[in-house]
Structure formats: C-alpha cells, structure tokens
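Here is the structure we will look at.
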Amino acid sequence: MLASLLLEPGRLELRDVEIPKAGPGEVVVRVRTALTCGTDLKAFRRGHPKMTIPGPFGHEFSGDVHEVGEGVTKFQPGDQIMTAPSAPCGDCIYCRKAQENLCAKVMDTMVWGAFAEYVCMPSHIVANNMFKKPEHLSYEEAAMLEPLSCVVYGMDQVEVKPDDTVLIIGAGAIGLLHVMVARALGAERVIVAGRRESRLKLAWALGADEVIDVEEQNTFDRVKELTNDLGADIVIECTGQLAVWEETPDLARPGGSVILFGGLPSGTKATFDTSRLHYDQITLKGVFHYTRSAVKKAYQLLTDKKITVSGLISGTYSLNDLRHVFEDLLHQGKGIKFAVVPGKSEPSSAEAG
1 MLASLLLEPG RLELRDVEIP KAGPGEVVVR VRTALTCGTD LKAFRRGHPK MTIPGPFGHE
61 FSGDVHEVGE GVTKFQPGDQ IMTAPSAPCG DCIYCRKAQE NLCAKVMDTM VWGAFAEYVC
121 MPSHIVANNM FKKPEHLSYE EAAMLEPLSC VVYGMDQVEV KPDDTVLIIG AGAIGLLHVM
181 VARALGAERV IVAGRRESRL KLAWALGADE VIDVEEQNTF DRVKELTNDL GADIVIECTG
241 QLAVWEETPD LARPGGSVIL FGGLPSGTKA TFDTSRLHYD QITLKGVFHY TRSAVKKAYQ
301 LLTDKKITVS GLISGTYSLN DLRHVFEDLL HQGKGIKFAV VPGKSEPSSA EAG
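Counted from 1, the sequence shown has number 224 at position 224 by our numbering; the numbering is strictly sequential.
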C-alpha cells in the first residue's frame, strides 16, 4: 500500500509499505478519507512530542473495514466506519478517577498513519471509539469525529445556558466547530473573533450572530459594545497564541468562564490580572483531548445531522498531493481543512486564494 511518512519536520515522503494485518481484537481499515488538522500542521512544521518521527502521519479519517482480527464481532469486512484514533486504557489512575482524557497511555497508543491506503486499529479503540457510519453521512463528514469530540469535551466543561453569550476567539476549523456546537447546545448568542474575510463569512453561515475582524476592530471594545459593557458569559480561546490567552479574562463578564482550548508549546508562561480572576471570580479552564462520552456525543451530533460540517472541507486531494497541501495551501493559511482521498485529486477553490 501507499503511505505518507513524516521523515522530519518539513519533509514528507510517499512510500510503498506492507498492508497491516489484523491481530486479536484489531480491525484493518481501508481509508476512504483523511483530513488535515492543526496538529498535523504543527508536526509538519516543528515535530510533535507524542509523534514518532520518522513515522506515519495523519489521524482524522473514516473508511471501510478491510479485515477483522480474532474476537471482533461488532464489525465485519465491508462495513463503513468512523472512529476516533485513541481510547483510554481503563486501568490507570486517571481512568479510575473518570478523567479518561488524561489517561496515562492514551497518547502513547494513539493511531497515526491515516494518510495511507490502510491503517490498523488497536483492540481498545475498536471496542470503545469505533462506530458504523450511516449511509447518509459522507466519509468526509464522518472523518470529523475526532476534532468534534475534542470540541464537545471542551464544551462539556461549562454549562451553556439559554441566555448565554458565547465568544469564540479564532475562526479556523476548531473555532468554527465550536460555533456549531454552541448553537446545538442552545446558546442565545454566538460571537466569533478572528481573521480573514472568507473565514468570518463562513462563521456567519454556520450560525454566528456577530463576527469581529480582529485586524480591523478592537476585540475588547467590540465585545463590551455587544454585551452592554459586561463581557461574554463563556469565552473559548481557539488560537493557541500566548497574547490571546492573556487577553481572554478581560473578555469575560464577572462570574464568567474561559476555556483555554488552543495549546501552546511546553514551557510557555502566561500572565493574568489577578484582581480580575479573584474579585470577578473568573474561571480559567484548560482542556485537552476527549473522553468516550464526548466521542459518543460527537457521533450523535454528526449522525443525527444536528450540525453540518461539510462546509469546513476546502478541497480534495490525493496522497500524491499531500506535500503540496502542507507546504503551500496550509502553510499560506489557505482553506480550513483538506480531504485526502487515496487515488483521487480535484482542484481546490482554496488554491486560488
């Protein structure tokens, strides 16, 4: 089979490798669609502490069951599936304390290698976070299960009330998924602050009530104007930029909550106004990864068509085009997400700008 390997930051290579075999409890999946994401782009640019380099690349995907291992009864060859690429061990101290997202083994056993024709799923993922894909859901939509699970888990950390104003900072794929989930949870008002006219227009289309172009408007002043000088009930940081992290408490109302979703490099230090945190009782919450419960909720949102994620796909390319996607399109900030389909290549509207 063909598989794209990340040999070192900035260097991808398509190789002919053996198709994996399914061991006990495992499932080999023929990849129909794999998606690009921010984690992939970071790994391509500078490596990733949890990814073996050189090694397989990509982790958001859907496909068809190619082979099942001994003991697998939930799936059979030919089944269309959607899956998260990780699952908790169920035995470590974090799993026992109902903090599955912090499982001591979850990242070490995460599946990489979706930018390939086939990928083998370990038994604990097959048992916990793999599902049959309904016919009415496209492979591209089904491949959104993993990032949507992360977003759902983050939103689970706050209680969205019907009269809440939710401010989402960042209009990339994760920020736009937050728009849809906030709407699905019944938030009265959703505001998006971000860059690039095309992304802000998409935020409108996906359900934002207001958008703030941070290059043209002062985010703090505009948020105050839109919230009668209070601030937002919930602020969700989706940029992974230090300066934005440090600004988020000022955008929340007294008693409000801030979700710090976008990750920063290890060792980064942030400074916050202690009087705001203390006297205005601002809650800062870091979130990471997802739980089995969040994956199931994300699955239902997709399969019940409570949200429609197809608008986040900016173009479709083949494995042969993967280097172009990362070196040119994503590096230049073109598009939101790209679908990588083995054997298929189509021009992308994002290519023109």
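Backbone N, C-alpha and C define an ideal beta-carbon position, used for all residues, glycine too.
Everything numeric in this text was worked out from a predicted model, so none of it was measured.
Backbone secondary structure at residue i - three-state DSSP
| i | result |
| --- | --- |
| Lys224 | helix |
| Thr39 | helix |
| Pro134 | coil |
| Asp108 | coil |
| Cys92 | coil |
| Gly71 | coil |
| Val192 | strand |
| Ile125 | helix |
| Ser361 | The chain is shown from 1 up to 353; residue 361 falls before or after that span and cannot be answered. |
| Lys321 | It is worth fixing the name first, because residue 321 is Asp in this sequence and not Lys. Asp321: helix per DSSP, three-state reduction. |
| Phe338 | strand |
| Thr33 | strand |
| Gly333 | coil |
| Asp328 | helix |
| Leu260 | strand |
| Thr83 | strand |
| Thr316 | strand |
| Ser345 | In this predicted model, Ser345 has a pLDDT of only 44, less than 50, meaning its place in the structure is not dependable; the value taken from the coordinates is given anyway. Looking at Ser345 - three-state DSSP - the assignment turns out to be coil, as it is neither helix nor strand. |
Residues of its chain near residue i, where Cβ-Cβ distance is below 8 Å and the 5 sequence neighbours each way are ignored
| i | result |
| --- | --- |
| Pro54 | Leu5, Leu6, Leu7, Glu8 |
| Leu12 | Ser4, Leu5, Leu6, Phe44, Phe57, Leu322, Arg323, Phe326 |
| Val160 | Val166, Ala182, Leu185, Gly186, Ala187, Ile234 |
| Ala205 | Gly311 |
| Glu135 | Gln80 |
Close-in-space but distant-in-sequence residues of the same chain around residue i (CB under 6 Å, 5 per side omitted)
| i | result |
| --- | --- |
| Ile307 | Met180, Ala184, Leu301 |
| Leu230 | Arg253 |
| Gly71 | Pro24, Gly25 |
| Phe131 | Met82, Tyr299 |
| Ser149 | Ala84, Tyr290, Ala294, Val295, Ala298 |
| Arg276 | Pro249, Ile282 |
| Leu41 | Leu330 |
| Gly255 | Gln281 |
Delimiting residues of the alpha helix (DSSP H) encompassing residue i
| i | result |
| --- | --- |
| Tyr279 | 274-279 |
| Cys150 | 145-156 |
| Leu12 | Element bounds for Leu12: not the alpha helix (DSSP H) but the beta strand (DSSP E), 11-16. |
| Glu247 | 242-251 |
| Met180 | 173-184 |
| Glu141 | 139-142 |
Boundaries of the beta strand (DSSP E) in which residue i is found, first to last residue
| i | result |
| --- | --- |
| Asp213 | 210-213 |
| Gln300 | From DSSP, Gln300 is part of no beta strand (DSSP E) but of the alpha helix (DSSP H) over 292-303. |
| Val65 | 60-68 |
| Lys201 | Segment 197-206 is the alpha helix (DSSP H) holding Lys201; no beta strand (DSSP E) there. |
| Glu8 | 2-8 |
| Leu167 | 165-169 |
| Lys50 | First-last for Lys50: undefined, no H or E at that position. |
| Lys285 | 283-286 |
| Asp233 | 232-237 |
Where residue i falls, given that 16 or more other Cβ within 10 Å makes a residue buried
| i | result |
| --- | --- |
| Pro249 | buried |
| Asn129 | buried |
| Ile282 | buried |
| His66 | buried |
| Ala352 | Low per-residue confidence applies at Ala352: pLDDT is 30, beneath 50, and the placement is therefore not dependable enough to give any value. |
| Asp328 | exposed |
| Pro342 | buried |
| Pro77 | exposed |
| Gly311 | exposed |
| Asp91 | exposed |
| Ser62 | buried |
| Ser314 | buried |
| Glu237 | buried |
| Lys101 | Rather than Lys, the amino acid found at residue 101 in this sequence is Asn. By the 10 Å Cβ count, Asn101 comes out buried. |
| Ser257 | buried |
| Lys133 | buried |
| Tyr317 | buried |
| Arg30 | buried |
| His278 | exposed |
| Gly267 | exposed |
| Gly108 | Going by the sequence as given, residue 108 is Asp instead of Gly. Per the 10 Å Cβ criterion, exposed. |
Nonlocal neighbours in the same chain, by C-beta distance under 7 Å from residue i, ignoring five residues either side
| i | result |
| --- | --- |
| Gly240 | Gly262, Gly263, Leu264 |
| Met51 | Ala43, Trp112 |
| Leu137 | Leu302, Thr303 |
| Leu319 | Leu2, Ser4, Leu14, Phe115, Val340, Pro342 |
| Phe220 | Asp250, Leu251 |
Contact with chain D by residue i, beta-carbon distance below 8 Å
| i | result |
| --- | --- |
| Gln157 | In the displayed structure, chain D is absent; only one protein chain is listed. |
For the structure I just gave you, are there three or more beta carbon pairs, one from the stretch 148-159 and one from the stretch 285-292, closer than 8 Å? yes
Hey, is the stretch 14-24 in contact with the stretch 119-130, meaning 3+ C-beta pairs nearer than 8 Å? Verdict: yes, contact present.
Counting Cβ pairs closer than 8 Å, one from the stretch 169-178 and one from the stretch 334-341, do we hit at least three? Touching, per the Cβ criterion.
Determine, using beta-carbon pairs with one atom in the stretch 290-299 and one in the stretch 76-96, whether at least three such pairs fall under 8 Å. yes
Would the stretch 132-150 and the stretch 22-35 be scored as touching if the rule is three or more Cβ pairs under 8 Å? yes
Mind the definition here: the stretch 210-229 touches the stretch 188-202 only if three or more C-beta pairs lie below 8 Å; say whether that holds. Two segments are said to touch when three or more pairs of C-beta atoms, one from each, lie closer than 8 Å; by this definition the stretch 210-229 touches the stretch 188-202.
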